[in-house]
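*Asks:* Counting from 509, one number per residue, gives the positions in the sequence shown under the working numbering. From the three backbone atoms N, C-alpha and C, an ideal C-beta is built for every residue, glycine too.
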Amino acid sequence: MKPARKICKAILAMLLLCVVIFVSSRAFAQAEGISWSVKDLSDRQGIQTANIFTSEKVLKEKPGEKPQTLSWETGSGKSYLIPALEIPAFLLLLNGYDRLAYPNDMENGKKVYDTNLSTFWDHVVHGPWGVDQDAFSMNQFAHPYQGSMYQGFARSAGLNYWESLLYTNVGSFLWETGGETTNPSINDQIASGIGGSFFGEALFRMASLVLEGGCKKPGILRELGAAILSPPTGINRFAFGERFKPVFPSHNPATFWRLRFGVSQNKDMTDQESSDTIKQNEATADFSMAYGLPGKPGYTYTRPFDYFHFEFTSVSTSDNPFTDVMIRGLLLGKKYEAGNAYRGIWGLYGGYDYISPHIFRVSSTSVSLGTTFQWWPSKAVALQGSALGGLGYAAAGNVTQVGDRDYHYGVAPQGLLALRLILGDRAMFDLTGRAYYLTGVGGDDPGGMENIDRMNMGFTYRIFGRHALGIQYIASLRDAHYPDRADSHQTMGTVSLVYTFLGEAGFGAVEWRGADSL
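1) Could I get the ranges of all uninterrupted alpha helix (DSSP H) runs contained in the region 596-642, with 4 residues as the minimum, in chain order?
2) Go through its chain and collect everything with a Cβ distance to residue 844's Cβ below 6 Å, but skip five positions before and after it.
3) Residue 660 and residue 738 - do their beta-carbons sit closer together than 8 Å?
4) Hey, residue 903 and residue 644: beta-carbon distance below 8 Å or not?
5) Once the 5 residues before and after residue 649 are set aside, which same chain residues still bring their CB inside 8 Å of it?
6) The beta strand (DSSP E) with residue 739 in it runs from where to where?
7) Hey, out of 764, 604 and 950, whose CA is closest to residue 640's CA?
8) Going by C-alpha distance, which of 745, 821, 948 and 855 is nearest residue 1004?
9) With H, G and I counted as helix, E and B as strand and the rest as coil, what does DSSP make of residue 651?
10) Under a three-way DSSP split, which group does residue 668 fall into?
11) For residue 707, report the span of its alpha helix (DSSP H) as first-last.
12) According to the Cβ coordinates, are residue 741 and residue 747 closer than 8 Å?
13) Going by DSSP in three states, residue 675 sits in which element: helix, strand or coil?
14) Can you give me the C-alpha to C-alpha distance between residue 1011 and residue 797, rounded to a whole angstrom?
15) Quick one: what does DSSP say residue 726 is sitting in, helix, strand or coil?
16) Taking the runs of the beta strand (DSSP E) that are 3 residues or longer, which of them lie wholly in the region 843-868?
17) Under three-state DSSP, which class holds residue 788?
18) Give the DSSP bridge partners of residue 936, in chain order.
19) Quick check on the burial criterion: 16 or more other C-beta atoms within 10 angstroms. Buried or exposed for residue 972?
20) May I ask which residues mark the beginning and end of the beta strand (DSSP E) holding residue 773?
21) For residue 544 and residue 743, I'd like the C-alpha separation in whole angstroms.
22) Going by other Cβ atoms of all chains shown within 10 Å of its Cβ, with 16 needed for buried, is residue 652 buried or exposed?
23) What distance in whole Å lies between the Cβ atoms of residue 695 and residue 917, which are believed to be in contact at a cut-off of 8 Å?
24) I think residue 666 touches residue 583, with their Cβ atoms under 8 Å apart; what is that distance to the nearest whole Å?
25) I'd like the list of long-range same chain contacts for residue 934, defined as Cβ closer than 8 Å, with 5 residues on each side in sequence excluded.
26) Between the alpha carbons of residue 745 and residue 752, how many angstroms are there, rounded?
27) Exposed or buried, residue 481, counting other C-beta atoms within 10 Å across all chains shown (16 or more means buried)?
28) Can you tell me which of the three DSSP states residue 1027 falls into?
29) Would you tell me roughly how many angstroms separate the C-alpha atoms of residue 468 and residue 926, rounded to the nearest one?
30) Roughly how many whole angstroms lie between the Cα atoms of residue 677 and residue 697?
31) Since residue 576 is in the alpha helix (DSSP H), which residue starts that stretch and which ends it?
32) Taking 8 Å as the threshold, find out whether the region 621-638 comes into contact with the region 712-723 through three or more Cβ pairs.
33) Of the choices 771, 777, 623 and 576, whose alpha-carbon is the least far from that of residue 977?
34) For residue 754 and residue 943, I'd like the C-alpha separation in whole angstroms.
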C-alpha cells in the first residue's frame, strides 16, 4: 500500500476511534450512580491519594456525588482520571483497528500489531530502543497527529499544558511498548510525545478560539468546527454533560489568519529522476494562523502557547497530499518594548515542522530561543517578524532513494527568520526562511549530514472586504553527504497564484499607539 493511502487511512481511523470513545465516554458518564470527580488540593472532600507527578491530591469516584463544573482559573473540576482512561482506550482501539486493517504486516518474522502482555512487558524491561523503518509520512506526520490526540484528551479534561505534556509522553510510551511488536523507537517517542504535544496544543487553542467566538454560548456549527480541529475536545465537551463545557479562556489574543486556494507550478527541479514523475501543475490549499501577536494592550504570556504560529498546506497529489505542517509556540517567555513603536516577546519556543516538497523532505521536533516582534516604522506601515535558533531531532531524505528507509535521523541545529511587511489595509509582503543542518548524532548514519534550506516569498493584495489575491514562490534546497553513497544536490521551485480569505483582523497589524501617534 502506498504511504499516502496508508497515512490517510490512519488519520481517518483515529477520527473514527474518537467517535467510538465519545459513545463509550457518554455511556460511562451517564452510568447510574457513578460520577467521576477529580479535584485540586484545596478541596478536602472525598478519598485522597497522592499524585507523585503533580503533588496534588486526586479524589476517587463517589456514588451519587455531582461532579464539579470545570473552572480554568482555579482548576476545580478538572480530571486526572478521565484522560488516564481515554488514552489507553484510544490505544487499544487503534491497535484493534490495525490488526483488522493490516493483518499481514510483518517485521522481523512477527505480525506488527499482534501484541500481548508478554510483548508489552518485554519492551518495557528489555527494549531495545532504536530507530524504526516506517515510512516518512507515518513517522513524521501520523505519529505526531496521534500524539495530538493524547494532548487533546488531557487538555480538554482541564489539565494545564505541562500536565498534558506528561500524559502525551506516557501515551506515546504505551504505544511504543504495547501498540506494536516491533522494538520501541526513540524517534517515535520524540515525534508523538513532544511533537504531538506541540501539535495538539495548537489544535486545542484554535478549537477553543472557535468556541469563544461571538462571546455567546457556542452553537452547533462552532461546536462542530471545534470538534473537527480537536476531536478529543469535542468528545469531552459532549460526553460529560456540563462538566467540561466551560471554554478555555484565550484572554482575547491579537490574531492573524488566512485561508488560501490556488494553483501552483513546480519548476526549477535539479533531480531529473523525480521530476519525470512529478505533476507540474497542482491545486493547492493552505491555512495559517498567528495567535497572540505582541503589542495587544493587557495581553500576557504566562501560559505555554499564549503565542503560536500554525501553518498547514495540502496539494492535489495522490502520493503526497500533505506537504507542510509547521508549528512554533512560546513555551516560556516575556514581553518587552522599545519606545512607542516596537513591541515584542522573547523566550523558549517549541517547534514541530513537516515539510515534503515532492523530491525530498524534512521534519523536526525542536526547542529554540528567539523573539517575535512588531515595529511601526511609519503611521500606516508595520513590520512583524520572528527570529529563532535552536536544536531539533530531525528526519530528512530523498524520496527516490532505494533502501529499507528513504530518510535519516539525527540531531539538527536549525534556524528561522520570518518577516511580514504590512502596508496599511491594502497589501502585504511576506518572507520566511528556514534552515536545517542534520548531523549524524543520534541517528543511524553517524558519518552523514544534510543541509536543507527553504525560502517562502509572497505578496498579497486586498481587493475588497476580506478577499485578496496573491502570488508566492517557494524555493527548496537539499545538500546531502554520506560516506557510502554519492553526494546529492537537489533544488525545487514552486510558483503559486492564490485567492486569499482573510480573518477579521485583516493583515493582522496590532495597534497600541495613542491617538497622538497616528
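*Replies:* Reading off the structure:
1) With a minimum length of 4 residues, the continuous alpha helix (DSSP H) runs that stay inside the region 596-642 are 625-634.
2) Answer for residue 844: 852, listed in chain order.
3) At the C-beta level, residue 738 and residue 660 come within 8 Å of one another.
4) Result yes, Cβ atoms of residue 903 and residue 644 sit closer than 8 Å.
5) Answer for residue 649: 515, 830, 833, 862 and 871, listed in chain order.
6) For residue 739, no beta strand (DSSP E) segment is defined; the enclosing uninterrupted segment is the alpha helix (DSSP H) at 739-747.
7) If we check each option's Cα against that of residue 640, 950 comes out closest.
8) Relative to the Cα of residue 1004, the nearest Cα in the group 745, 821, 948 and 855 belongs to 821.
9) If DSSP states are grouped into helix, strand and coil, residue 651 belongs with the helices.
10) In the structure shown, residue 668 sits in coil (DSSP, three-state: anything other than H, G, I, E or B).
11) Annotation: the continuous alpha helix (DSSP H) that includes residue 707 extends over 704-720.
12) Taking the C-beta atoms as reference points, residue 747 is found no nearer than 8 Å to residue 741.
13) Per DSSP, reduced to three states, the secondary structure at residue 675 is helical.
14) Spanning the two alpha carbons is a distance of roughly 9 Å.
15) Correct three-state label for residue 726: coil.
16) Counting only runs of at least 3 residues, the region 843-868 fully encloses the following beta strand (DSSP E) elements, listed from N- to C-terminal order: 850-863.
17) Note: residue 788 maps to coil in three-state DSSP.
18) In DSSP, residue 936 forms a bridge with 930 and 968.
19) It is exposed - the Cβ of residue 972 has fewer than 16 other Cβ atoms within 10 Å.
20) 763-775 is the span of the beta strand (DSSP E), which, as asked, contains residue 773.
21) Since pLDDT at residue 544 reaches only 40, below the 50 mark, its modelled position is unreliable, and the value read off the structure follows with that caveat. If you draw a straight line from the Cα of residue 544 to the Cα of residue 743, it is about 16 Å long.
22) It is buried - the Cβ of residue 652 has at least 16 other Cβ atoms within 10 Å.
23) With a contact defined as Cβ atoms closer than 8 Å, residue 917 and residue 695 qualify at about 5 Å.
24) Yes, residue 666 and residue 583 are in contact; Cβ-Cβ is about 7 Å, under 8 Å.
25) Taken in chain order, the residues that qualify are 969 and 970.
26) Each residue's alpha carbon lies about 5 Å from the other.
27) In the structure as shown, the chain begins at 509 and stops at 1026. Residue 481 is therefore absent and cannot be evaluated.
28) Outside the displayed span of the chain (509 to 1026) sits residue 1027, for which this structure offers no information.
29) The chain is shown only over 509 to 1026; residue 468 falls outside these bounds and no answer can be derived.
30) The alpha-carbon atoms of residue 677 and residue 697 are separated by roughly 7 Å.
31) No alpha helix (DSSP H) contains residue 576, which DSSP labels as neither H nor E.
32) In the pairwise beta carbon analysis, the region 621-638 is classified as not touching the region 712-723: fewer than three pairs are separated by under 8 Å.
33) The shortest Cα separation from residue 977 among 771, 777, 623 and 576 belongs to 771.
34) A straight-line Cα-Cα distance of about 41 Å links residue 754 and residue 943.
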